[in-house]
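Residue numbers (the numbering used here), protein chains in the order written: chain S, 1 to 165; chain G, 1 to 387.
Everything on this sheet refers to the single structure shown next.
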Amino acid sequence: MLQIRVMDELLRLLKENALESPRNLAKMLNQSEDAVKARIADYERTGVIRGYQAVVNEDKLDIDRVSAVIEVKITPEREGGYDELANRIGRFPEVDSIYLMSGGFDLLIFVKGRNLKEVAFFVSDKLATIEGVVSTVTHFMLKTYKDSGVLMEAEKERERLGVTP
Amino acid sequence: MKSPIARHLIGVPRSGIRDFFEIVSARKGVISLGIGEPDFVTPWHISEAALFALERGATAYTSNLGILELREEVARYMERFYKVSYDPKTEILITVGVSEALDLAIRALIEPGDEVLYHEPCYVSYAPVVTFAHGKAVAVSTRREDDFRLTRAALEAKVSPRTKVLLLNFPTNPTGAVLPRKDCEEIAAFAIEHDLVVLTDEIYAELTYAGGHVSIASLPGMKERTIFLNGFSKTWAMTGWRIGFACAPPELTEAMMKIHQYTIMCAPTLGQKAAIEALRHGEADAEHMRKDYEKRRNYICASLEEMGIPCHLPKGAFYAFPYIGHFGLSSKDFALNLLDQENVACVPGTAFGSSGEGFIRCAYAANMPNIKEAMSRMARFVGKLRK
């Protein structure tokens, strides 16, 4: 496994804009284009980079879409601990993200569906019936203000003078 | 009626930047690399602290010297970052930006005919402020061949019995030059030998990319003859708050305070509150911005070199100062044509003194998409010039 002590500048740039070309990244980092490409390939190979996605403001789209956050209490399995169960839940395509939490519940699950009914069905028929799931609390999301570090509403251009000393 | 304007003022030309600003303002869709201020907004925790202070009624005058709490924070910051100790009660004065601090220092020191040595190309205010105080500003040119470093030899050539002050600005606007320890020591020895007061504007100190900024005030025997100027504008993206400070031995601080007290009263209260927050919890902000600027600097310099415009890699501040003399155009014409043909604004080097001829200043305190677009437009412009 590739040891990464601090998130390096290349990853920071890619997290800001995954579409940035290797040529531009190389210029910004004062590196050769080949070195940057090799590094990215390395990250992809070792699983440091797991994918590239667009940050979409779904509130702007005229589609039916419902998101929910579900707090789940589970009983860890004898051998697999929390991981087995979490991975089992994570394999459902409805599940967007899933985290193990400290505090009053164990797993925090982000779920997407076409409508309320679909999400409700997922919770009652699929999630709650899994062996080891003790209880669920479902919160439906109403509006997204910020996602993945990006404010959903573009801020107005600030007033700045055109030329200053 | 004969012109009522004071004669010593008539001789001072308007800032070349101001002329250029008016041309740029009249156009639409300009990408500007001409802006000498961060494109970041003030970090939210700082603005939020000011809002809280406003809610609590921080709307009255403060002590002439500035809020004591802020001076104490400045003292800690000076110790931490610049390795110099100042007494917050008698050696620190909070001002309306470095601009005011500079004016105070010059007026506190200069009598008619006294000379001030300053290095050029430089920030636009230095020479005029000296002239307004009836002093004589004496330029010492720095050169591209030396990475715009200031050398003792250059200073020795311009010093005279009337020289009283040496004005330094490292890292330098517009060249991005820094003052390595060895140069700093030589210049300190020069100042001591000629018994000069050193006025050092270190507003860009936190933007030193390889680290290791050395303040001349920290060298042995220098604190007593140095007035140290700094502010919050560049490090914390707080240009509009107008907060700077001066650190100097009690006698000098008291003299500056006298002028400040009768002309300004005190720096804006809300800005001072914001500044306290910046010093207490803002160390990571500076780091974050420096890292961003560094990438933009690398990008802009690599792009300029690609189009055949030699550009030394600036070690500090956020300006690239490329050489464009080989295109056969003056700095001003180059900048005007670039604006006219490609709608990209850079500042002609001559705005920073006559030794800036042959150069343009490209600020990389602009966002990356704009820098990219500006560079591709400039490459097209340069391609046409070559034909």
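Beta carbons are placed, not taken as given, at the ideal position from N, Cα and C, and that holds for glycine.
- Taking a beta-carbon distance threshold of 8 Å, Asn115 of chain S does not count as an interface residue toward chain G.
- Listed in chain order, the non-local C-beta contacts of Cys122 of chain G below 7 Å within the same chain comprise Asn169, Thr172, Phe352, Gly353, local neighbours out to five positions each way being set aside.
- With fewer than 16 other CB atoms across the displayed protein chains lying within 10 angstroms of its CB, Gln341 of chain G is exposed.
- Straight across, the Cα-Cα distance linking Leu142 of chain S with Ser148 of chain S is about 17 Å.
- Under the three-pair Cβ rule at 8 Å, the stretch 129-144 of chain G does not count as touching the stretch 369-379 of chain G.
- The beta-carbon of Gly66 of chain G is placed no less than 8 Å from the nearest beta-carbon of chain S.
- Going by beta carbons, Ile23 of chain G and Thr164 of chain S fall outside the 8 Å limit.
- Here Asn230 of chain G is buried, its C-beta having at least 16 other C-beta atoms within 10 Å.
- Secondary structure at Ile259 of chain G: helix, using DSSP grouped into helix, strand and coil.
- Residue contact with chain G for Met152 of chain S: absent (no Cβ-Cβ distance below 8 Å to any residue of chain G).
- As DSSP reads the structure, Ser99 of chain G sits in no beta bridge.
- Taking 8 Å as the threshold, the shortest C-beta distance from Pro22 of chain S to chain G does not fall below it.
- Pairing Ser85 of chain G with Leu102 of chain G gives a Cβ-Cβ distance that is not under 8 Å.
- Contacts with chain S (Cβ-Cβ distance below 8 Å) from the stretch 295-309 of chain G involve Lys295, Arg296, Asn298, Tyr299, Ala302, Ser303, listed in chain order.
- Counted as a single uninterrupted DSSP element, the stretch harbouring Arg65 of chain S is not any beta strand (DSSP E), since DSSP gives it neither H nor E.
- Rounded to the nearest whole angstrom, the CA to CA distance from Arg242 of chain G to Leu54 of chain G is 17 Å.
- The Cβ of Phe148 of chain G sits no closer than 8 Å to any Cβ of chain S.
- A direct Cα-to-Cα measurement between Glu73 of chain G and Thr269 of chain G gives close to 15 Å.
- By the Cβ-count criterion, Ser303 of chain G is buried, with 16 or more other Cβ atoms from all chains shown falling within 10 Å of its own Cβ.
- Taking a C-beta distance under 8 Å as the contact criterion, Val116 of chain G and Lys164 of chain G qualify as a contact pair.
- Counting every other CB atom within 10 Å of its CB across the protein chains shown gives Glu206 of chain G a total of 16 or more, marking it as buried.
- Listed along chain G, the residues sitting closer than 7 Å to Val163 of chain S by beta-carbon distance are Ile17, Phe20, Phe21, Val24, Ser32, Gly34, Ile35, Ala345, Val347.
- When C-beta atoms of the stretch 299-317 of chain G are compared with those of the stretch 42-52 of chain S, fewer than three pairs fall below 8 Å, so the two segments do not count as touching.
- Chain G has no Cβ within less than 8 Å of the Cβ of Met101 of chain S.
- For Tyr123 of chain G, the C-beta contacts it makes with chain S under 8 Å involve Pro165, in order along the chain.
- The beta carbon of Ala60 of chain G lies closer than 7 Å to those of Thr269 in the same chain, with the five residues before and after it left out.
- Between the stretch 81-94 of chain S and the stretch 49-64 of chain S, the count of C-beta pairs closer than 8 Å stays below three; the two stretches do not touch.
- By the rule that beta-carbons nearer than 8 Å mark a contact, Met28 of chain S touches chain G.
- Checking the DSSP bridge columns, you'll see Asn169 of chain G has no partner listed.
- Within the DSSP secondary-structure output, Ile300 of chain G pairs in no beta bridge.
- No Cβ of chain S is located within less than 8 Å of the beta carbon of Lys89 of chain G.
- Nearest Cα to Met222 of chain G within the set G:Thr253, G:Phe190, G:Tyr77, G:Ala246: G:Phe190.
- Tyr99 of chain S: member of the beta strand (DSSP E) spanning 95-100, first to last residue.
- For the stretch 37-66 of chain G, the set of positions with a beta-carbon nearer than 7 Å to some beta-carbon of chain S reads Glu37, Val41 in chain order.
- DSSP, reduced to helix, strand and coil, places Ala105 of chain G within a helical segment of the structure shown.
- As the crow flies, the alpha-carbon of Ser215 of chain G is around 16 Å from that of Ile192 of chain G.
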